[in-house]
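Read the structure below first, then the notes.
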Amino acid sequence: MTPRVKAILPCAPSSLTIDWADGGRSTADLTGWIATGGEMLNPLRSADIWNTATVTDYGASVEWNGEDLAIDAYHLYQIAEDQRDFYVDDLRKWQEDIGLSNNEAADFLGVTLRTWNNYRAGAPVSHAVKMLLRATQRDPLLLHAHFRPRRPGRPRHAA
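Structural data, given as structure tokens:
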């Protein structure tokens, strides 16, 4: 289902607090979107323009006063979701949904088994690992392309 914005609150310098039509609430920091948007998005660096944000198209987008300054609700939702913290329950659900062992999860993410187990116990998850976990949720082909299952049995000793 396409997300719909119910209301927004612009927060300086480049964040929006978003009330979604489904009752949820999130925050999206659009600094990166503005920084990589070229000249077209430069006006959003102005607090006067930033604070003109309004919900348009029946919640399908957010627009600012200026020259065609807008972001659609789907991309706004994706940015907010990608910025949301990745909690232990999210990490465990990711592993369970995919069906990886602890060793396979550690191998796939390029971390040691000890680090993976620390994440599962509640240690802070690195930013890079959070991005990769979210990316594989959105695009399973990443997992398909890079996952290598462990073979059953004990590993062979190095010669």
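With the working numbering, the residue at position 134 of the sequence shown is 146, and numbering never jumps.
A virtual CB, placed ideally from N, CA and C, is assigned to each residue, including glycine.
Under 8 angstroms between C-beta atoms of alanine 72 and aspartate 84: yes
Simplified DSSP state of leucine 81, which is helix, strand or coil: strand
Endpoints, the alpha helix (DSSP H) within which glutamate 108 is located: 100-110
Rounded C-alpha distance that separates alanine 19 from histidine 87: 16 angstroms
Whole-Å CB distance - arginine 160 paired with aspartate 119, under 8 angstroms assumed: 7 angstroms
For arginine 96, three-class secondary structure by DSSP: coil
Distance, proline 22 Cα to valine 123 Cα: 38 angstroms
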